[in-house]
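Residue numbers (this note's numbering), protein chains in the order written: chain A, 54 to 413; chain B, 108 to 445.
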């Protein structure tokens, strides 16, 4: 049998279609369209396909993202600041009495910043101090973070997004880092991997969130001593089954875990322990050669998330013609280098916000 | 994180049921809504990740936008919000507004619990529906039906992460419910010994009971029993190793080592058994013959795993092999991996 081959042009087309118009069946993403934008642009960047977007198109996307930013004013307290995931309730921006229904979400803020960096925006119009204060207001006493201010749920996903935002904005002074680390440690299970919350089952996605978070804080060794690293490494390596990776023991493999587990092992410096060839075959065999895009397994249709994360997984194991990614931030190395460059020019124009305890 | 984006149930009611669609009247055609001016989604000048919404979807959300702005909290808005949540249960804002209406109208919370039960049955892997249920149960301060409800959902998919996470919250918030949890877990493990979620729940229960050595010994025996039936089951082996975290002065290690050796000597070559034996190598750096044998045995296990029993992880076992040599400063060996 011939080895499967990556068809970059088809996947670029798939992403460009997703950037324009999506079918009504995905209306459940109406409130989080930014996630689709994120997967499409990061994916395009990995494929080295951002040049296929015109400068005007890139500018339009940047403007669309900035419209989702909530900044502090008399109608929006600083707790709600950051980015919304869509335009669903954007009409409430600056509406008296509507603050409760118009708020940012920390996963959307993380993705918005990644999109802007990827498109070469220097974040000068991000109200950085307000975003950081918004993130801080989501932290709970156990160290975890909520997704959003009003009744948001909390788990390792939002810990990761919060820390990624602090890392991108180069300032973690507004959050309680020690409590965050305690929470992450409390999610470590008897089998050596991490669950979404203390006590819940170990999972490839939450394990990535834990390891990437600790790596962004430069505190990997604080939580994982040599013995614990070894057990986690074994748990992660054991997730490879039938070539691909599963998210939990005794579950079926799914392309996205080639990223979640691949990136975990990459951050730990242990990616060489897996069988890259079989992982590659599994992922490439889930590419749809008619429409472009990748699905989670043979029984599913492609979606932007699995397409992007499949490419991320392939990039990690050194697939030719794919740009390398930064596994902790999940943007390309090119974008991460650009981030380093603009971080030197950050200023904090609204410093007084940190002192204001009352709502604006 | 993965579950969030892939496992929302697509909106069947909007597309599949022709008859429903025929009888359904759009809000803009309902006389009792004539007083409300719908508000279209404002996407700005550029079209980015646009969704080709159905007429029904746009109509419901145009009216939802209007009532959000006016702040109307009425029975008819509760109906509108119910429609909006059927179309998109992943919209946080609609849930927040629903809660406000429920509080404002003093809706019977038991009815609301029944409503959210039905929604969860349809969208079992959506985060917001479980979060809303938690809020309602907190307001009721009555968890009496929660274990039964989550058991029902787990009956549909015994590895549903959301249901397990919620169940743990119930057991933690209302701790007297923990009494029968081990029986529940036992049942699930008996039905499917590979159910890793059930093994995790077992650890959760045991760990929360502040177990003494007798309890751990009982758990070891239980796990040995399950492994003897299905020795390739990683979940049971992970649990076994988890129990060793309670071991002080090596008291449980000896027992596990003895169990593993017996199984191995009977000819069992489960990769997890071999891996566990490697972990339990009780060698040191000395060069007496007995010690050298122990190290050689561990290296042989690595070699057999890499070449015969677990070749997909060949590179891993080669690395572990080198690690053992390094750890015990072992040089004069002849058990090299081919």
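Glycine included, every Cβ here is placed at the ideal spot set by N, Cα and C.
Values in this document were obtained by computation on a predicted structure and should not be read as measured data.
Spatial neighbours of residue i within its chain, please: CB distance less than 7 angstroms, with the 5 preceding and 5 following residues excluded, ordered by chain position.
i, result
"residue 229 of chain A", "192 and 196"
"residue 398 of chain B", "390 and 391"
"residue 128 of chain A", "147, 148, 149 and 152"
"residue 144 of chain B", "173"
"residue 260 of chain B", "227, 231, 267 and 270"
"residue 184 of chain A", "134, 135, 162, 218 and 222"
"residue 395 of chain A", "175 and 176"
"residue 335 of chain B", "none"
"residue 256 of chain B", "224"
"residue 226 of chain A", "none"
"residue 114 of chain B", "Because residue 114 of chain B sits at a pLDDT of 39, beneath the cut-off of 50, its placement in the model cannot be relied upon, and the point is left open."
"residue 145 of chain A", "151, 154 and 155"
"residue 360 of chain B", "351, 354 and 387"
Can you name, in chain order, every residue of its own chain whose Cβ lies under 8 angstroms from the Cβ of residue i, other than the five neighbours on each side?
i, result
"residue 411 of chain B", "376 and 381"
"residue 404 of chain A", "In this predicted model, residue 404 of chain A has a pLDDT of only 42, less than 50, meaning its place in the structure is not dependable; the value taken from the coordinates is given anyway. If we look at residue 404 of chain A and ignore the five residues flanking it on each side, its Cβ neighbours are 182."
"residue 141 of chain A", "83 and 84"
Could you tell me which residues DSSP puts in a beta bridge with residue i?
i, result
"residue 136 of chain A", "A/122"
"residue 393 of chain A", "DSSP lists no partner for residue 393 of chain A."
"residue 357 of chain B", "Per DSSP, none; premise fails for residue 357 of chain B."
"residue 294 of chain A", "A/297"
"residue 379 of chain A", "A/384"
"residue 74 of chain A", "B/157"
"residue 198 of chain A", "A/192"
"residue 207 of chain A", "A/199"
"residue 247 of chain A", "A/241"
"residue 129 of chain A", "A/126"
"residue 340 of chain A", "A/347"
Counting along the chain, where does the alpha helix (DSSP H) carrying residue i start and finish?
i, result
"residue 281 of chain A", "279-290"
"residue 237 of chain B", "234-247"
"residue 219 of chain B", "216-229"
"residue 417 of chain B", "Segment: none, residue 417 of chain B is in no alpha helix (DSSP H) and carries neither H nor E."
"residue 170 of chain B", "162-177"
"residue 311 of chain B", "303-315"
"residue 359 of chain A", "357-369"
"residue 274 of chain B", "268-280"
"residue 144 of chain A", "Looking at the DSSP string, residue 144 of chain A is not in any alpha helix (DSSP H), and its letter there is neither H nor E."
"residue 155 of chain A", "Looking at the DSSP string, residue 155 of chain A is not in any alpha helix (DSSP H), and its letter there is neither H nor E."
"residue 256 of chain A", "No alpha helix (DSSP H) contains residue 256 of chain A, which DSSP labels as neither H nor E."
Tell me which same chain residues have a C-beta within less than 6 angstroms of the C-beta of residue i, skipping the five on either side of it?
i, result
"residue 313 of chain A", "257, 258 and 261"
"residue 190 of chain B", "167"
"residue 324 of chain A", "318"
"residue 432 of chain B", "none"
"residue 216 of chain A", "266 and 269"
"residue 56 of chain A", "none"
"residue 362 of chain A", "309 and 312"
"residue 338 of chain A", "57"
"residue 201 of chain A", "156 and 158"
"residue 421 of chain B", "413"
"residue 239 of chain A", "251"
Cβ contact (3+ pairs, closer than 8 angstroms) linking the stretch 105-118 of chain A and the stretch 223-233 of chain B: Contact between the stretch 105-118 of chain A and the stretch 223-233 of chain B is not established, with fewer than three Cβ pairs separated by less than 8 angstroms.
Residues from the stretch 321-344 of chain A in contact with chain B, defined by Cβ distance under 8 angstroms: Those residues of the stretch 321-344 of chain A that come within reach of chain B (Cβ to Cβ, closer than 8 angstroms) are 325, 326, 327, 328 and 331.
Any 3 or more C-beta pairs closer than 8 angstroms across the stretch 349-369 of chain B and the stretch 401-417 of chain B: Using a C-beta cut-off of 8 angstroms, the stretch 349-369 of chain B makes no contact with the stretch 401-417 of chain B, since fewer than three inter-stretch Cβ pairs fall below that distance.
Near-chain A residues of the stretch 137-159 of chain B - C-beta to any C-beta below 8 angstroms: Per Cβ criterion, the list reads 146, 148, 149, 150, 151, 152, 153, 154, 155, 156, 157, 158 and 159.
Members of the stretch 301-313 of chain B near chain A, C-beta cut-off 7 angstroms: Of all residues in the stretch 301-313 of chain B, 301, 303, 304, 307, 310 and 311 have a Cβ within less than 7 angstroms of some Cβ in chain A.
Residues from the stretch 364-395 of chain A in contact with chain B, defined by Cβ distance under 9 angstroms: The residues in question: there are none.
Residues of the stretch 193-213 of chain A with Cβ closer than 9 angstroms to any Cβ of chain B, in chain order: Going along the stretch 193-213 of chain A in chain order, one finds 200, 201, 203, 204, 205, 206, 208, 209, 210 and 213 with a Cβ nearer than 9 angstroms to chain B.
Stretch-stretch touch, CB-based, cutoff 8 angstroms, three pairs: the stretch 362-369 of chain A with the stretch 65-76 of chain A: The stretch 362-369 of chain A makes no contact with the stretch 65-76 of chain A; the number of CB pairs closer than 8 angstroms stays below 3.
contact_flag[the stretch 293-302 of chain B, the stretch 270-279 of chain B] where n(CB pairs < 8 angstroms) is 3 or more: In short, these stretches do not touch, since the Cβ pair count stays below three.
contact_flag[the stretch 264-279 of chain A, the stretch 296-313 of chain A] where n(CB pairs < 8 angstroms) is 3 or more: No, the stretch 264-279 of chain A is not in contact with the stretch 296-313 of chain A.
Near-chain A residues of the stretch 404-419 of chain B (beta-carbon distance less than 8 angstroms), N- to C-terminal order: From the stretch 404-419 of chain B, only 419 have a Cβ closer than 8 angstroms to chain A.
The stretch 286-296 of chain A in contact with the stretch 325-342 of chain A per 3-pair CB rule at 8 angstroms: Taking a cut-off of 8 angstroms on C-beta distances, the stretch 286-296 of chain A touches the stretch 325-342 of chain A, as three or more cross pairs fall below it.
Inter-stretch contact (C-beta, 8 angstroms, three-pair minimum) for the stretch 156-166 of chain A and the stretch 203-218 of chain A: Judged by Cβ distances under 8 angstroms, the stretch 156-166 of chain A makes contact with the stretch 203-218 of chain A, as three or more pairs qualify.
Interface residues of the stretch 360-373 of chain B facing chain A [CB-CB below 9 angstroms]: Under the 9 angstroms Cβ criterion, the stretch 360-373 of chain B contributes no residue.
Members of the stretch 147-164 of chain A near chain B, C-beta cut-off 9 angstroms: The stretch 147-164 of chain A vs chain B, Cβ under 9 angstroms: 148, 150, 151, 153, 154, 155, 156, 158 and 160.
Residues, ordered as in the chain, of the stretch 179-207 of chain B that lie near chain A by beta-carbon distance below 9 angstroms: Listed by position along the chain: 194, 195, 196, 197, 198, 199, 200, 201, 202, 203, 204, 206 and 207.
Touching by the beta-carbon criterion (3+ pairs, under 8 angstroms), the stretch 303-315 of chain B and the stretch 338-350 of chain B: By the Cβ criterion, the stretch 303-315 of chain B is in contact with the stretch 338-350 of chain B, since at least three pairs of Cβ atoms, one from each stretch, lie closer than 8 angstroms.
Given 8 angstroms, three or more beta-carbon pairs between the stretch 343-357 of chain A and the stretch 284-294 of chain A: As far as the Cβ criterion goes, the stretch 343-357 of chain A does not touch the stretch 284-294 of chain A, which means the pair count is below three.
Three-pair Cβ contact test at 8 angstroms for the stretch 164-173 of chain A versus the stretch 378-385 of chain A: Result yes; three or more Cβ-Cβ pairs closer than 8 angstroms.
Members of the stretch 64-84 of chain A that neighbour chain B once the beta carbon cut-off is set at 8 angstroms: Those would be 71, 72, 73, 74, 75, 76, 77, 78, 79, 80, 81, 82, 83 and 84, in chain order.
Residues, ordered as in the chain, of the stretch 289-304 of chain A that lie near chain B by beta-carbon distance below 9 angstroms: Those residues of the stretch 289-304 of chain A placed with their C-beta closer than 9 angstroms to a C-beta in chain B are 290, 291, 293, 294, 295, 296, 300, 301, 302, 303 and 304, ordered along the chain.
Stretch-stretch touch, CB-based, cutoff 8 angstroms, three pairs: the stretch 129-141 of chain B with the stretch 103-110 of chain A: By the Cβ test, the stretch 129-141 of chain B is not in contact with the stretch 103-110 of chain A, since fewer than three Cβ pairs between them sit closer than 8 angstroms.
The stretch 117-127 of chain A / the stretch 93-103 of chain A touching (three or more Cβ pairs under 8 angstroms): In short, these stretches do not touch, since the Cβ pair count stays below three.
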